[in-house]
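Remarks on the structure that follows.
Set out below in structure tokens:
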């Protein structure tokens, strides 16, 4: 049995538990998780249809069919021609199914077209069904995440040796990308270099701002290595930190470390968020920590579990997620420290291990 | 009035014509077309809600709100906090709307969640509504597409001077990427280098195959420059073409040229596909031309109009699309020639102008 046959078997069992008659997955990582094949996010629909009691069929544009590698006969492939109506074909595959789980990232256009064909059919998001499988990583998956983390850790150390001042954010960002690709990543997902006041925008897009002495610079980047994601954030300071930075950074480091320490099987996702948040609130920076503590990571950069207030999900061994508190002072500076950690039987393994202090660069 | 105010005004007029009470757009290019803001494709929902008779509201994750630049007060912004329920808020914004058009690429999860809140509301894909606006490009949009085309044309000419043999597809592909970024593109969208038998798979992913003497190599790449897309395909041949290549290439060039010649306002999209296809069929290669002739291009690499059998859409000035016939011999080789053209008042402007002959490289 291949991994894919196993995973399809597991998802069918989960479907039976939830009275789901059919599962459809399209763009995003659910599809490669189940089949090894990733669909292009295009107007030509790709959809894997898994009936609860039948053979899975991968419906793909005919011109993409040569790219599909069916491992161990885990599913059939139907390549549709340019003048075919693939929605009609998928509707036929769903014949008899009343409850259909639909992959989260599937284009709404295709779901609405399927609904129009059969208004009696009930579609629900496949989020929880798929998360139940994907949220606990296998040792091989953790190995892939560990390798991806090592690559970005090395890039952080390299960047600590280069000059930042006088360069645009975009230029520094390009260097981060090049070094990460050279380090073994196939593609990048994001490449934040946010300097000075731009650091206060957590997802700032690197632009034309020229980095200068006295800037704090948030460097948050990640991509794909052997199909699994990296994601780390470290702080760089040009010559000297800005006013107020050191005091806040001490709080941030302590909060990040305490949250990592708090991770073990049996605690809730929300409780880990609270550990970091409480420390930051007590130190008076609570209003400036404007996002959740972290997110799961695997074949997607963001996936379950989410470490956020209100999420009572219980942490289990094999879960992998980020711990990334931040403090953001509008118009002034921002800071964030981010590690990916894997939950073990009795605690955590840190996948990112580069120095968490801020790095002073020229 | 900004472009965005104008465009929102135009889409409201189109909504009135179609009895659409509200339009929702999320990830993809509809959102930046209407607002200048592009949403990250993440689990945190971003959605612009345009009621037919009220102010548009852009619902964004709070931590993304600093990235939104509201030009000329064209819309309001609502930043939701991590523990809020943004779907509930969007549902409130849709209060009173029974017919809602939903952006094509919106994650199905969010549409299904909105449907669950109000089962009486009717959601339809926004495809045609948005295409009616986006399909005819303004002179400024065509200028952006022309500039993007010039960049990739220059890269094609540069690649004609480099060695292909002895290098992996991935390595050559990386050079194409680097040169295109150096030429002025902000990001890449795709970077096909398909050598020898891999060329028979139209969307082949560049891999470890080492290119050798006698290979035909399909190079098809594009990306984004100032928010608009490039997309061109040229053929490279290492030392000498494979058996049967020259005869087929002559047919392909003639078919591509005839299709470009056939473009003018008033003809149908399908008729242009037929011009190229008929020539290829007559020459005996019909079974090997396995995809449509072309696709519109603008802020997306693939958008309306699609040049495909059965599409009776009438071509109008301002439309911009690819003309890209291909011939694919399984296990042997593939070939494709692709130009982007803009429809003028009485014919076409070719945006790609690099030599369409195959380039002999070492």
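Residue numbers (this note's numbering), protein chains in the order written: chain A, 7 to 368; chain B, 7 to 368. All C-beta atoms, glycine included, are put in the ideal place defined by N, C-alpha and C.
Contacts around residue 7 of chain A, its chain only, beta-carbon distance under 6 Å, and the 5 residues preceding and following it disregarded: On the first chain, residue 7 of chain A is found 1 positions in, with the first residue counted as 1. For residue 7 of chain A, the pLDDT reaches just 49, beneath the cut-off of 50, and the residue's location in the model is therefore unreliable, although a value from the coordinates is still provided. Same-chain partners within the cutoff: there are none.
Minimum length 3: unbroken beta strand (DSSP E) runs contained in the segment 99-161 of chain A: 105-108, 128-131
Simplified DSSP assignment, three categories, for residue 208 of chain B: In the second chain, residue 208 of chain B corresponds to position 202, counting from 1. Note: residue 208 of chain B maps to coil in three-state DSSP.
Stretch-stretch touch, CB-based, cutoff 8 Å, three pairs: the segment 238-246 of chain B with the segment 291-303 of chain B: no
Span separating the alpha-carbon of residue 59 of chain B from that of residue 53 of chain A: The residue given as residue 59 of chain B occupies position 53 in the second chain. The residue given as residue 53 of chain A occupies position 47 in the first chain. Approximately 37 Å between the Cα atoms of the pair.
Reduced DSSP category for residue 306 of chain A - H, G, I as helix; E, B as strand; rest coil: For the purposes of this step, residue 306 of chain A is taken as residue 300 along the first chain, with counting starting at 1. In this structure, residue 306 of chain A counts as coil in the three-state DSSP scheme.
Selection of the segment 288-301 of chain B by Cβ proximity to chain A, strictly under 9 Å: 296, 297, 298, 301
Other residues of its chain near residue 297 of chain A: CB distance less than 7 Å, five sequence neighbours each side excluded: Residue 297 of chain A sits at position 291 when you count from the first residue of the first chain. Excluding positions up to five away in sequence, the list reads 208, 332.
Contacts around residue 116 of chain B, its chain only, beta-carbon distance under 6 Å, and the 5 residues preceding and following it disregarded: As a position in the second chain, residue 116 of chain B is number 110, starting the count at 1. These residues qualify, in order along the chain: 51.
Residues bridged to residue 57 of chain A (per DSSP): Looking up residue 57 of chain A in the first chain gives position 51. Answer is A:28, bridged to residue 57 of chain A.
One or two residues paired with residue 67 of chain B in a DSSP bridge: Reading the second chain from its first residue, position 61 is the one you call residue 67 of chain B. According to DSSP, which records beta bridges pairwise, residue 67 of chain B is partnered with B:86.
Within-7 Å CB hit, residue 316 of chain A to chain B: Position 310 of the first chain, counting from 1, holds the residue named residue 316 of chain A. Yes - at least one Cβ of chain B is within 7 Å of the one on residue 316 of chain A.
Counted within 10 angstroms of its Cβ, other Cβ atoms place residue 362 of chain A as buried (16 or more) or exposed: Translated into positions along the first chain, residue 362 of chain A becomes position 356. Residue 362 of chain A should be labelled buried.
Neighbour list for residue 129 of chain B in chain A, Cβ cutoff strictly below 7 Å: Here residue 129 of chain B refers to the residue found at position 123 of the second chain. In chain order: 118.
Whole-angstrom distance between residue 49 of chain A and residue 19 of chain A, CA atom to CA atom: Translated into positions along the first chain, residue 19 of chain A becomes position 13. Translated into positions along the first chain, residue 49 of chain A becomes position 43. One C-alpha to the other measures close to 31 Å.
Chain A contact for residue 370 of chain B (CB, 7 Å cutoff): Only positions 7 to 368 of chain B appear in the structure, and residue 370 of chain B is not among them; the question remains open.
Element boundaries [beta strand (DSSP E), containing residue 239 of chain A]: The residue labelled residue 239 of chain A in the question sits at position 233 within the first chain. Segment 238-244, the beta strand (DSSP E) holding residue 239 of chain A.
Buried versus exposed, by CB contacts within 10 Å (16 or more), residue 144 of chain A: The sequence position of residue 144 of chain A within the first chain is 138, counting from 1. Counting Cβ neighbours within 10 Å, residue 144 of chain A comes out exposed, since fewer than 16 surround it.
Presumed contact (8 Å Cβ cut-off) between residue 220 of chain B and residue 199 of chain B, rounded CB distance: Here the question's residue 220 of chain B lines up with position 214 in the second chain. Here the question's residue 199 of chain B lines up with position 193 in the second chain. In fact, because the Cβ distance is near 16 Å, the residues do not count as touching under 8 Å.
Where residue 367 of chain B falls: helix, strand or coil (DSSP): Counting from 1 along the second chain, the entry for residue 367 of chain B is found at position 361. DSSP places residue 367 of chain B in strand when its eight states are reduced to three.
is_contact[residue 156 of chain B, chain A] using C-beta, thresh 7 Å: Within the second chain, residue 156 of chain B is the residue found at index 150, counting from 1. Output row for residue 156 of chain B: interface = no.
From A:85, A:104, A:154, residue whose alpha carbon lies closest to that of residue 67 of chain A: Start at 1 with the first residue of the first chain, and residue 67 of chain A comes out as number 61. With distances taken between Cα atoms, residue 67 of chain A lies closest to A:85.
Contact with chain B by residue 305 of chain A, beta-carbon distance below 7 Å: Working through the first chain from its first residue, we reach residue 305 of chain A at position 299. So no, residue 305 of chain A is outside the interface.
Proximal chain B residues relative to residue 68 of chain A, where beta-carbon distance stays under 7 Å: In the first chain, the residue the question calls residue 68 of chain A occupies position 62. In chain order: 296.
Stretch-stretch touch, CB-based, cutoff 8 Å, three pairs: the segment 28-47 of chain A with the segment 301-310 of chain A: yes
Cutoff 7 Å: residue 7 of chain A Cβ touching any chain B Cβ: Residue numbering aside, residue 7 of chain A sits at position 1 when the first chain is read from its first letter. Only weak support exists for where residue 7 of chain A lies, its pLDDT of 49 falling under 50; the value from the coordinates is given anyway. No, residue 7 of chain A does not count as interfacial toward chain B.
Delimiting residues of the beta strand (DSSP E) encompassing residue 21 of chain B: For the purposes of this step, residue 21 of chain B is identified with residue 15 of the second chain, where counting begins at 1. Note, residue 21 of chain B: premise wrong, no beta strand (DSSP E); alpha helix (DSSP H) at 9-23.
Bridge partners - residue 223 of chain A, DSSP secondary structure assignment: As a first step, residue 223 of chain A is located in the first chain; it is residue number 217 there, counting from the start. BP columns for residue 223 of chain A point to A:201, A:242.
Pick from A:313, A:321, A:178 that is closest to residue 218 of chain A, judged by C-alpha positions: As a position in the first chain, residue 218 of chain A is number 212, starting the count at 1. Here the closest residue by C-alpha is A:178.
C-alpha gap between residue 328 of chain B and residue 336 of chain B, whole angstroms: For the purposes of this step, residue 328 of chain B is identified with residue 322 of the second chain, where counting begins at 1. For the purposes of this step, residue 336 of chain B is identified with residue 330 of the second chain, where counting begins at 1. The straight-line gap from Cα to Cα measures roughly 24 Å.
Assigned secondary structure, residue 354 of chain B (DSSP; H/G/I helix, E/B strand, else coil): Residue numbering aside, residue 354 of chain B sits at position 348 when the second chain is read from its first letter. Strand.
Positions along the segment 65-90 of chain A whose CB lies within less than 9 Å of some CB in chain B: 67, 68, 69, 70, 71, 72, 73, 87, 88, 89
Distance, residue 274 of chain A Cα to residue 348 of chain A Cα: By one-based count along the first chain, residue 348 of chain A stands at place 342. By one-based count along the first chain, residue 274 of chain A stands at place 268. Cα-Cα distance, rounded: 15 Å.
Contacting positions in the segment 211-230 of chain B - beta carbon closer than 9 Å to chain A: 211
Any C-beta of chain A under 7 Å from that of residue 195 of chain B: Position 189 of the second chain, counting from 1, holds the residue named residue 195 of chain B. No, residue 195 of chain B does not count as interfacial toward chain A.
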